[in-house]
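**Student:** Chains as they are written, first to last, in the working numbering: chain A, 1 to 417; chain B, 418 to 747; chain C, 748 to 1090.
Even for Gly, the Cβ is constructed at its ideal location relative to N, Cα and C.
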Amino acid sequence: MAHEIVMPRVDMDLATGRMGAWRAAEGAHVVKGETLFEIETDKAAMEVDAPASGVLRFVAASEGDVLPVGSCIGWVVAEGEDFVPPVTSPRAALATPDSSARADVEENDAVYADAAVGLRATPAARRAARERGLRLADVKGSGPKGRIQARDLEQCAVGEPRMLSVNREWLRRGEGAPIVFIHGLCADLNGWRPLFRLLPETRPALAIDLPGHGLSPLGEEASFDALVDAARSVMIEEGATSAHLVGHSLGGAVAAVLSQAPGVKALSLMLIAPAGLGEETNPAFFDGFLQADDEAALTPWLNLLVTDPASLGSALAPATLRQRTELPLVAAQRRLTKALLANGRQTIDIRDCLAAPRMPVKVVFGLEDRITPAHHAENLSGLVALHRFAKIGHMPHLEARREMARLIVELAGAGAA
Amino acid sequence: MGARELSYAEAIREALAIALAGDERVFLMGEDIGVYGGAFQVTGDLVDRFGEERVMDTPISELGGAGVAVGAALTGMLPVYEFQFSDFSMLAMEQIVNQAAKLRYMLGGAVQVPVVFRMPTGSGLGGAAQHSQSIEAWYAHVPGLKVVEPSTPEDVKGMLLAAINDPDPVIVFEHKLLYKMKGPVPEGRYETPLDKAAIRREGRDLTIVATGVMAHRALEAAESLANEGIGAEVIDLRSLRPIDKPAIIESVKKTARLLAVYEGVKTLGIGAEVSAIVAESEAFDYLEAPILRLGGVEAPIPYSPVLEKVAVPQVDDIVASARRLARGQV
Amino acid sequence: MTSHASTPRVSASRPKVYDRLTPDAVLDALRRMHRIRRFEEAAEESYIRGLSYGTMHLSIGQEATAVGVCVPLTDADCITSTHRGHGHCIAKGAELTPMFAEFLGREGGYCKGRGGSMHIADPARGNLGANGIVGGGLPIAVGAALSAKKRRTGAVAVAFFGDGANNEGAFHEALNLASIWRLPVVFVCENNQYAMSMAISRSTAVANVADRAIAYGMPGVVVDGNNFAAVAEASFAATERARAGEGPTLIEAKTYRTRGHSRSDRNRYRTREEIEAWKALDPIARFETEIVALGIGSPARVAEIAAEVEKEMEDAVAAASASPWPSVAEVARDVYSPAGTRV
């Protein structure tokens, strides 16, 4: 009878074997127990003996071949035997049971939603905030290292509609009057970071997410006045009522109105491509920007903001889209856009605020601005310094950030406090 | 029935006597437990009352002796093996951990190993490095063993009787400093569960979880803290495998602060497990401060009394840590 | 490296042990030896083809020791075994299907797949288990003997161990305890000349393991481990001594394993010639020759037994392979006794 020769498993953890040298050839007579071939392993070559005496036939592996354990390598056939090796279906490997069902282990179901970075708060405080819909960012911590403790939340007035609150971030804390950054329509406070990194490391800086943008929810009132109120509340809460104001686009208009608001002492005013100086704008941009739901659709609109698309960086489009999936921004911004643009034209007018400024004011435009045209900057008061950048679009604080940084420093110095 | 006072050692002796009298299958093994009465005078006169067949002196042969206990337990007997010091059990770890703990599982549930290993543990008597260790965590780490550390005479009697009647291997740690401590002990036979902690004192300001002699130090500390207006809840863990998780979790949910106190080396000790239990439980959401641990120093137990004292937590250490925790200074 | 191979000899005179065994008992012993041989070969085949898991330690060539020692034992007597314990298990009466199923890690195995090759046990038949720790079973067997003495059951315990174990502390402690307490235990050393790769001549301070018996106050007996009659004779003597309350005995059976320590063994520590020389002393062949020569069984009967076992093993492999895998949800079952159970 014929005896099958298989690739043997020689070590517990091996599923394959590497053929070494053959000691007998196809057709050779072999004796039971004599070495037929070797297997190469990490430790040493291992000899494999003939399982029976007879003729070596149907050799199916050569030196150097790597074969699964259990594979047929050949047969030892009896002398004169008329033998045909059976057709074997692919060998079922060591049948392992479905191990996808793991034995149950203890469940760990703590989920923490508040992702405020750099905030110290005890687990108990976080839970209380979650349960009561309070923002930890609004609470002052009384624990070690400023840690917010549960009792600190107890002191948050209960019943006051603090369900909605305005997100703000101190980009830097320090001594002296801060710079307050207010972004434009459909943007958020993160847009200031590239510029902020270029500012010298002394002056404190506070950035705000306007309602309906970034991490700030939009309340019932979707109006320009609501935006101004929100910004003002933040400045009051943060003790930053005496500040240098920097606003971009819609944020510029907010900053201009803020500079006249009671309780606010604007030490200087920097308006970058501000809204409110003319009626024209680019309503198609806002529609298209808010409607885009993938990078291919969004990118052309983003590119409209600048003259050199490279200056936007590759992360902006995906980050913008991701943000939309996590936060109800599109709906909020549609409401605002509708309120602020009637028939596709700007409804805000800030010229009065700039008629007789009592603090240093700079207005900056890029000449290639396709959202708020640069010619809006005409006929401003002589006390307003106008800076116009050629080959720059709607985002001078991005495309000409070094120059902007210098201008901000100059302005803050001029309005020294 | 009035509870008279017995020492911890006397309570153990009483438990052993009740077990020996109540079941022929029970017998004791250990070094010098017969006529000598045991290194800590625990077995005392048991050999006179029950004879040398029931109270067997062994040679100094921990591995062999422990294995004999395992074999006897496998085949119908109820041996109670005394190690003279927990440190010496290391010579028998093969039989305790590789055999006793695993036989039931490896054999698919076909056998039981109802053996009890008793071990004096801990420092404070000048025994130095090789006679003073607290290795509870080593054994509590092993599935298949049950591990307890009673800290009162009442508990050691009840838990030992429960251990002897338990079908699985049980290790009973007895802190050496407790042997002479007196306390009320009910008469007759009773059993104390092997899987429940005991709340020794209620409080609202922090939870102290302690084992062995540390449970007593924690109570002393709690007295002192009460004078400062700090209410410490003291949990005497008693059961190390399994640990009474619900008791700890419920307590921390109430107090929001946790201090674990244990004699074993701090790193990777029982208190580390207690901390993790809380951190991964619903009690996490109630914490108002980091979890603190007080444990043994990262060194072998020293000989010199001034060093031996600071090598493990003392009452003052517990008071200081508890105070920082309760006052939000941490 | 030469070994201690004695010249094969079929005794011209009839070994006395056959006076106490019926022909059926002798043929049953032969059947068990064949079962061991076939089981080991089937296990090996399975392993080579990658159909089983882990490793295994084969006792091919040591069948006479296992079966010869167990002949005087009943289900009330206990054995403890080694990592090379398939033979002891079968000799003590285990069935092939649950043994093979355990080897394959299935729920139908003796240990429900939790123990595997090294921990096969059959407590109902007095097999307290193979043991993965060298020397682990020695004190346990002494404990079983202590238990038997205390309960006055008249049972004996047999501790199988290898030459490698005789240098473990547990060996010395166990023999000493068995002796000072005069316990009904028989220590059986299967001296197959090598621990893993270390020859006993290099590892052990005395020429024979049995020489150590005197240090522990008990008789030490050397037998040809490949001679069924010699082993059985020694086992009867030792178990009778134990049952009579006279204490323990140390039997050293000189034998040989023709396979490596485990499958990873490259056999670099011994020569082919040595292996071949011992193969010529195959215990099953010798036993068959003796059975026929003494007229206890005919050649046809003897061959028939071999063929029956062949079939039995094939069926067992098939049945074991069909046994279900353990449920992963039950990975921690039987770590402890069910809650609320008491002794």
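What in chain B is Cβ-close to Ala888 (chain C), meaning under 7 Å?
**Tutor:** The sequence position of residue 888 (chain C) within the third sequence is 141, counting from 1. Under the 7 Å cutoff, chain B gives Gly488.
**Student:** Just to make sure I have the definition right: I need the residues of chain B whose C-beta is within less than 8 Å of the C-beta of Ala1076 (chain C). Which are they?
**Tutor:** For the purposes of this step, residue 1076 (chain C) is identified with residue 329 of the third sequence, where counting begins at 1. Those within 8 Å of Ala1076 (chain C) in chain B number zero; the least Cβ separation is about 15 Å.
**Student:** What is the DSSP secondary structure of Phe907 (chain C), reduced to helix, strand or coil?
**Tutor:** Looking up residue 907 (chain C) in the third sequence gives position 160. In the structure shown, Phe907 (chain C) sits in a strand (DSSP, three-state: E or B).
**Student:** May I ask you to report which of helix, strand or coil DSSP gives Lys563 (chain B)?
**Tutor:** Mapped onto the second sequence, residue 563 (chain B) falls at position 146. Looking at Lys563 (chain B) - three-state DSSP - the assignment turns out to be strand.
**Student:** In chain order, what residues of the same chain have a beta carbon less than 8 Å from the beta carbon of Phe289 (chain A), not counting five sequence neighbours either side?
**Tutor:** Translated into the one-based positions of the first sequence, residue 289 (chain A) becomes position 289. Counting only Cβ-Cβ distances below 8 Å, and skipping sequence neighbours, we find Cys186, Leu298, Trp301 and Leu302.
**Student:** Taking Cβ to Cβ, would you say Val969 (chain C) is nearer than 7 Å to Val932 (chain C)?
**Tutor:** Numbered from its first residue, the third sequence carries residue 969 (chain C) at position 222. Numbered from its first residue, the third sequence carries residue 932 (chain C) at position 185. For Val969 (chain C) and Val932 (chain C), no; Cβs fall outside 7 Å.
**Student:** Based on the DSSP secondary-structure assignment, which residues constitute the bridge partners of Tyr498 (chain B)?
**Tutor:** As a working note, residue 498 (chain B) is residue 81 in the second sequence. Looking at the DSSP assignment, Tyr498 (chain B) forms a beta bridge with B:Met446 and B:Phe534.
**Student:** Could you name the residues of chain F that Gln155 (chain A) contacts, counting a contact when the two beta carbons are closer than 7 Å?
**Tutor:** Of the protein chains in the structure, A, B and C, none is chain F.
**Student:** Under 7 Å between beta-carbons, which chain A residues line up against Tyr794 (chain C)? List them in chain order, please.
**Tutor:** The residue given as residue 794 (chain C) occupies position 47 in the third sequence. What Tyr794 (chain C) touches in chain A: Arg9.
**Student:** Mind reading off the beta-carbon distance from Ala339 (chain A) to Ser216 (chain A)? Whole number of angstroms is fine, and I expect it under 8 Å.
**Tutor:** Taking the first residue of the first sequence as 1, we reach residue 339 (chain A) at position 339. Taking the first residue of the first sequence as 1, we reach residue 216 (chain A) at position 216. Going by Cβ atoms, the distance from Ala339 (chain A) to Ser216 (chain A) rounds to 16 Å, so no, they are not a contact pair.
**Student:** What distance in whole Å lies between the Cβ atoms of Val559 (chain B) and Ala518 (chain B), which are believed to be in contact at a cut-off of 8 Å?
**Tutor:** Locating residue 518 (chain B) in the second sequence gives position 101, counting from the first residue. Locating residue 559 (chain B) in the second sequence gives position 142, counting from the first residue. With a Cβ gap of about 5 Å, Ala518 (chain B) and Val559 (chain B) count as contacting.
**Student:** List the DSSP bridge partners of Ala346 (chain A).
**Tutor:** Residue mapping note: residue 346 (chain A) aligns to position 346 of the first sequence, counting from 1. For the record, residue 346 (chain A) in the displayed sequence is Gln; it is not Ala. Its beta-bridge partners are A:Leu341.
**Student:** Among C:Phe1034, C:Tyr1003, C:Pro1071 and C:Thr951, which residue has its Cα nearest to the Cα of Glu937 (chain C)?
**Tutor:** Numbered from 1 along the third sequence, position 190 holds the residue referred to as residue 937 (chain C). Of the candidates C:Phe1034, C:Tyr1003, C:Pro1071 and C:Thr951, the one whose C-alpha sits nearest the C-alpha of Glu937 (chain C) is C:Tyr1003.
**Student:** Can you give me the Cβ contacts of Thr475 (chain B) inside the same chain, cut-off strictly under 7 Å, excluding the 5 residues immediately before and after it?
**Tutor:** On the second sequence, residue 475 (chain B) is found 58 positions in, with the first residue counted as 1. Excluding residues within five positions, the ones whose Cβ falls inside 7 Å are Met446, Gly447, Glu448 and Gly482.
**Student:** Buried or exposed: His375 (chain A), going by 16 or more other Cβ atoms within 10 Å of its Cβ?
**Tutor:** Here residue 375 (chain A) refers to the residue found at position 375 when the first sequence is read from its first residue. With fewer than 16 other Cβ atoms within 10 Å, it is exposed.
**Student:** Using beta-carbon positions only, say whether Arg535 (chain B) and Val589 (chain B) come within less than 7 Å of one another.
**Tutor:** Residue numbering aside, residue 535 (chain B) sits at position 118 when the second sequence is read from its first letter. Residue numbering aside, residue 589 (chain B) sits at position 172 when the second sequence is read from its first letter. Yes, Cβ-Cβ distance for Arg535 (chain B) and Val589 (chain B) is below 7 Å.
**Student:** Which residues in chain B have a C-beta closer than 9 Å to the C-beta of Ala868 (chain C)? List them in chain order.
**Tutor:** Working through the third sequence from its first residue, we reach residue 868 (chain C) at position 121. Per Cβ cutoff of 9 Å: Leu520, Met523, Leu524, Gly525, Ala527 and Val528.
**Student:** What do you reckon, are the CB atoms on Leu435 (chain A) and Gly247 (chain A) nearer than 7 Å?
**Tutor:** The structure shown does not extend to residue 435 (chain A), since chain A spans only 1 to 417, so no value can be given for it.
**Student:** Would you report the Cα separation of Gly472 (chain B) and Ala489 (chain B), rounded to the nearest angstrom?
**Tutor:** Along the second sequence, one-based indexing puts residue 472 (chain B) at 55. Along the second sequence, one-based indexing puts residue 489 (chain B) at 72. It should be pointed out that residue 472 (chain B) corresponds to Val in this sequence rather than to Gly. If you take the alpha carbons of Val472 (chain B) and Ala489 (chain B), they lie about 14 Å apart.
**Student:** Per DSSP, which one or two residues make a beta bridge with Lys362 (chain A)?
**Tutor:** Residue numbering aside, residue 362 (chain A) sits at position 362 when the first sequence is read from its first letter. DSSP output for Lys362 (chain A) lists A:Met270 and A:Ala385 as bridge partner(s).
**Student:** Tell me the residue span of the beta strand (DSSP E) that contains Ser242 (chain A).
**Tutor:** Locating residue 242 (chain A) in the first sequence gives position 242, counting from the first residue. That run of the beta strand (DSSP E) goes Ser242 to His248.
**Student:** Look at the alpha carbon of Phe467 (chain B) and the alpha carbon of Val905 (chain C), and state the distance between them as a whole number of angstroms.
**Tutor:** Translated into positions along the second sequence, residue 467 (chain B) becomes position 50. Translated into positions along the third sequence, residue 905 (chain C) becomes position 158. If you take the alpha carbons of Phe467 (chain B) and Val905 (chain C), they lie about 30 Å apart.
**Student:** For Val1039 (chain C) versus Glu999 (chain C), is the C-beta distance shorter than 7 Å?
**Tutor:** Residue 1039 (chain C) sits at position 292 when you count from the first residue of the third sequence. Residue 999 (chain C) sits at position 252 when you count from the first residue of the third sequence. For Val1039 (chain C) and Glu999 (chain C), no; Cβs fall outside 7 Å.
**Student:** If Leu367 (chain A) sits next to Arg388 (chain A), beta carbons under 8 Å apart, how far is it from one beta carbon to the other, in whole angstroms?
**Tutor:** As a first step, residue 367 (chain A) is located in the first sequence; it is residue number 367 there, counting from the start. As a first step, residue 388 (chain A) is located in the first sequence; it is residue number 388 there, counting from the start. With 8 Å as the limit, Leu367 (chain A) and Arg388 (chain A) qualify as a contact, their Cβ atoms being about 6 Å apart.
**Student:** Indicate whether at least one CB of chain C lies closer than 7 Å to the CB of Ala436 (chain B).
**Tutor:** Numbered from its first residue, the second sequence carries residue 436 (chain B) at position 19. Chain C contact via Cβ: absent.
**Student:** Could you compute how far the alpha carbon of Thr1088 (chain C) sits from the alpha carbon of Val528 (chain B)?
**Tutor:** Stepping through the third sequence from its first residue, residue 1088 (chain C) is reached at position 341. Stepping through the second sequence from its first residue, residue 528 (chain B) is reached at position 111. Distance between the alpha carbons of Thr1088 (chain C) and Val528 (chain B): 13 Å.
**Student:** For a test of the three-state rule: what should DSSP assign to Arg57 (chain A), helix, strand or coil?
**Tutor:** Within the first sequence, numbered from 1, the residue matching residue 57 (chain A) stands at position 57. Strand.
**Student:** By the three-class DSSP mapping on this structure, what secondary structure does Ala635 (chain B) have?
**Tutor:** On the second sequence, residue 635 (chain B) is found 218 positions in, with the first residue counted as 1. If DSSP states are grouped into helix, strand and coil, Ala635 (chain B) belongs with the helices.
**Student:** From the beta carbon of Pro659 (chain B), is the nearest beta carbon of chain C less than 7 Å away?
**Tutor:** Within the second sequence, numbered from 1, the residue matching residue 659 (chain B) stands at position 242. Output row for Pro659 (chain B): interface = no.
**Student:** Is the segment 809-824 of chain C touching the segment 771-786 of chain C, taking contact as three or more C-beta pairs under 8 Å?
**Tutor:** With the cut-off at 8 Å, the segment 809-824 of chain C and the segment 771-786 of chain C touch.
**Student:** Taking 6 Å as the limit between beta carbons, can you name the residues of its chain near Ala841 (chain C), skipping five residues before and five after?
**Tutor:** On the third sequence, position 94 is the one that residue 841 (chain C) refers to. Only Asp869 meet the Cβ criterion.
**Student:** Can you find the residues in the same chain that come closer than 8 Å, C-beta to C-beta, to Ala356 (chain A), ignoring five residues on each side of it along the sequence?
**Tutor:** Counting from 1 along the first sequence, the entry for residue 356 (chain A) is found at position 356. The answer, listed in chain order, is Ser381 and Leu383.
**Student:** Among residues of its own chain, excluding the 5 on either side of Gly686 (chain B), which ones have a beta-carbon nearer than 6 Å to its beta-carbon?
**Tutor:** Here residue 686 (chain B) refers to the residue found at position 269 when the second sequence is read from its first residue. These residues qualify, in order along the chain: Ala554, Tyr679 and Gly712.
**Student:** Please state if the CB of Val573 (chain B) and the CB of Ala428 (chain B) are separated by a distance shorter than 7 Å.
**Tutor:** As a position in the second sequence, residue 428 (chain B) is number 11, starting the count at 1. As a position in the second sequence, residue 573 (chain B) is number 156, starting the count at 1. The answer is yes: Cβ separation under 7 Å.
**Student:** Is any beta-carbon of chain B found at less than 7 Å from that of Asp114 (chain A)?
**Tutor:** Start at 1 with the first residue of the first sequence, and residue 114 (chain A) comes out as number 114. At Asp114 (chain A), the pLDDT of 33 sits below 50, so the modelled position is not reliable; the number obtained from the coordinates is stated separately. For Asp114 (chain A), the answer is no, since every Cβ of chain B falls outside 7 Å of its Cβ.
**Student:** Residues in the same chain with beta-carbon distance under 6 Å from Arg18 (chain A), minus the five sequence neighbours each way, listed in chain order, please.
**Tutor:** Within the first sequence, numbered from 1, the residue matching residue 18 (chain A) stands at position 18. Around Arg18 (chain A): Glu40 and Val66.
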